[in-house]
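Everything below concerns the one structure shown next.
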């Protein structure tokens, strides 16, 4: 790719998924959120949940911005005391999914054979079946979950909910080794084993 | 394993704990952190701490300010002159919200503060209790870190963490909000353990040798290298390392207003002040140097002027402890991450000793033009009204560059910073990033506690003085020896200057009247004098400086004098105007 194309790409707005590892502390969500709102940047989707390591939470933040802006945002987020590490990735760098739930009247499902076919085609599965309603679930990209809304709308879709994006970084080696580096009193570029891994209380008690 | 023996050993050394209240643990922690002076104001939700401090009067010097904003600025002044962490106490609700301006000022100017606020009882949180306000969320954008304590057991660790965060890395303000029940609660106190590590917090980025080497190569090959230095040098206590670097490299160095004094004003390689009202040479030469070496500064828009015309011809080497500053405003060709106390010596080792005589002479040529056209008539006017510049010039002659010069915000600030002579580091205290009018008087109080052996002169305008003049009460009550120098031009001068230059002289609400400042001082039992004639200036300044204790000197200066040079907003630094 030529240089000018590179620059163009860097200046074009596109979807970025920002992955943030934080301590599980009250207030850190607000500290991160205001980094975006201060700059009048909208968060398209936000997922916060415990990571595979105890006491450490993982954020997935989806925004549409230029790479330059995202890099600056990432540094501002990483600067927060309770943030361990920030990664940002384009859609090419990640595998992502959103989960969606659809509530539809059970009688239409039962009556209309076509609905069953459509659900099957869209990879939906029933989570709950009650006399009055049935809840289906599907996962996928936004376009996929959107499509099923369209499909179910004519059959009396009662309620719909979609989760935030969760994303796996394709070339990530996980966070365990990174954490060990953080827990060293004397930081270095090489990672060594640390006795305090997964033992937040020994690192800082509060 | 012999278990009996283990039990005996444990019994022989019982864990030493004493039952104390959260308030006592807090004060013990402050003492352990080396705190001697606290600036504060009591109120309902912080009463248990104030009850405890009644017994600590010998160990902790509590200064009762007249407004909580004053406490934060005083703590800032203290931190700037002493290099220690400033400590503030305030109550919940209005007491805490009054801290916000000072916190914002400390945040943008990287000043280490630990603010303790009282909070309503934990069981009342969220009930709109009397004087309850969501202090944590209000202060989140203006603190480096904040934390709410609801249980006394958390106090020692929270305080240790607060001090560690406030003073390490890029310093900043920290706030601990303590509910009243936690202040009163008795708990088993095991002593104070300072915090030295937080796993999610990297105060200093890891130094990368390849960047040091790349920076050295750029510097060694440069024909017209230029150093810009900010407060990072003095915040990192790296004045010696910086001086060694400047002297070995022979590179001219210019400062931001918070960086002033890291090398003395009259050092041969100190070429002056950067920015909107900085010196002629440094601004113009920014756009003709070939390598720009920025040390501990953040390329504020008041320094850079128009960014797309800023130093485009130069390779930029940026030394900063805060990785978020790299590439934030100006793209760095070589980012030297790290504490400049550590990176500067590494860099000094790799550079060749040089003198850039021809390049330096270019700065001197610009200096000569500025001196003749602007500085000389400003500092030594032979007739007409008094100028702000000549007041600062005469003050310099008397203080010989040994006094702490605190300034407020506005025209007088630019004049005080441009012309103030500084022989040592930590002699200038001003509100740089936030531009907080009203900063000067309370900051001077703190500056005096931070540098008790220095003369502290607070240079303040007639506008800014009226924003926090209630702190005269603090000066009176605690006998703080602060010299107050009011430069009165009967205008909100900086706004007036802009209205004159850019709004066709439509003077919109900049005409400000003042009380009789000398009588005002007198009512606070502070000696004072007003000067309107040139002939009385030097004698009055001498009187102020020699007066035992605080003194207020009001100098009537030219009403419509403008601060020049000036880089008008939206212009490039090389478009700096001398008039």
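Residue numbers (the numbering used here), protein chains in the order written: chain A, 1 to 206; chain B, 1 to 579. Note that the Cβ used here is the ideal one computed from N, Cα and C, for glycine as well.
Check	Outcome
Element boundaries [alpha helix (DSSP H), containing residue 104 of chain B]	100-108
Beta bridge counterpart(s) of residue 94 of chain A as assigned by DSSP	A/169
Cβ neighbour criterion (16 or more within 10 Å) applied to residue 8 of chain B	Only weak support exists for where residue 8 of chain B lies, its pLDDT of 47 falling under 50; the value from the coordinates is given anyway. Answer is exposed; the Cβ neighbour count stays below 16.
Ordered list of beta strand (DSSP E) runs contained in the stretch 280-344 of chain B, each at least 3 residues	291-295, 315-320 and 334-337
Residue from B/439, B/381, B/281 and B/233 whose Cα sits closest to the Cα of residue 105 of chain B	B/439
Residue 55 of chain A - DSSP class collapsed to helix/strand/coil	coil
Counted within 10 angstroms of its Cβ, other Cβ atoms place residue 17 of chain B as buried (16 or more) or exposed	exposed
Other residues of its chain near residue 18 of chain A: CB distance less than 6 Å, five sequence neighbours each side excluded	61 and 88
Contacting residues, own chain, Cβ-Cβ under 6 Å from residue 150 of chain A (five flanking each side not counted)	none
Minimum Cβ-Cβ distance from residue 17 of chain B to chain A less than 7 Å	no
Among A/95, A/58 and A/82, the one whose alpha carbon lies nearest that of residue 50 of chain A	A/58
Simplified DSSP assignment, three categories, for residue 356 of chain B	coil
Euclidean distance between Cα positions of residue 259 of chain B and residue 121 of chain B	43 Å
Neighbour flag for residue 1 of chain B against chain A, beta carbons, 7 Å	Summary for residue 1 of chain B: the model assigns pLDDT 44, below 50, so the residue's position carries little reliability; its value from the coordinates is reported in the next sentence. So, not an interface residue.
Backbone CA spacing between residue 271 of chain B and residue 249 of chain B [nearest angstrom]	15 Å
7 Å Cβ cutoff, residue 199 of chain B in contact with chain A	yes
When B/21, B/276, B/71 and B/108 are compared against residue 182 of chain B, the one with the closest alpha-carbon	B/21
Contained alpha helix (DSSP H) runs [length at least 4] in the stretch 411-457 of chain B, N- to C-terminal order	411-419 and 440-450
Distance between residue 107 of chain A and residue 118 of chain A (C-alpha atoms, nearest Å)	16 Å
Neighbour flag for residue 29 of chain A against chain B, beta carbons, 7 Å	no
With 16 other Cβ atoms within 10 Å as the buried cut-off, status of residue 432 of chain B	buried
Segment contact, 8 Å Cβ cut-off, at least three pairs: the stretch 27-41 of chain B with the stretch 403-412 of chain B	no
Candidates B/505, B/225, B/534 and B/85, of which the one nearest residue 586 of chain B by Cα	Nothing about residue 586 of chain B can be reported from this structure: the residues present for chain B run from 1 to 579 only.
Counted within 10 angstroms of its Cβ, other Cβ atoms place residue 234 of chain B as buried (16 or more) or exposed	buried
Start-end ranges of the beta strand (DSSP E) lying completely within the stretch 76-100 of chain B, minimum 3 residues	86-90
Cross-strand partners of residue 63 of chain A (DSSP beta bridge)	A/16
Status (buried if at least 16 other CB within 10 Å, exposed otherwise) for residue 174 of chain A	exposed
Opening and closing residue of the beta strand (DSSP E) in which residue 149 of chain B lies	145-149
Helix, strand or coil at residue 123 of chain B according to DSSP, with G and I counted as helix	helix
Interface flag, residue 145 of chain B vs chain A, CB-CB below 7 Å	yes
Short CB-CB distance (under 7 Å) between residue 175 of chain A and chain B	no
Beta-carbon proximity of residue 553 of chain B to residue 540 of chain B, cut-off 7 Å	yes
Boundaries (first-last residue) of the beta strand (DSSP E) holding residue 42 of chain B	Where residue 42 of chain B is concerned, there is no enclosing beta strand (DSSP E), given that its DSSP letter is neither H nor E.
Residues from the stretch 297-312 of chain B in contact with chain A, defined by Cβ distance under 8 Å	none
Chain-ordered neighbours of residue 75 of chain A on chain B, where CB pairs are closer than 9 Å	322, 323, 324, 325, 326, 327 and 328
Beta-bridge partners of residue 37 of chain B, as assigned by DSSP	B/61
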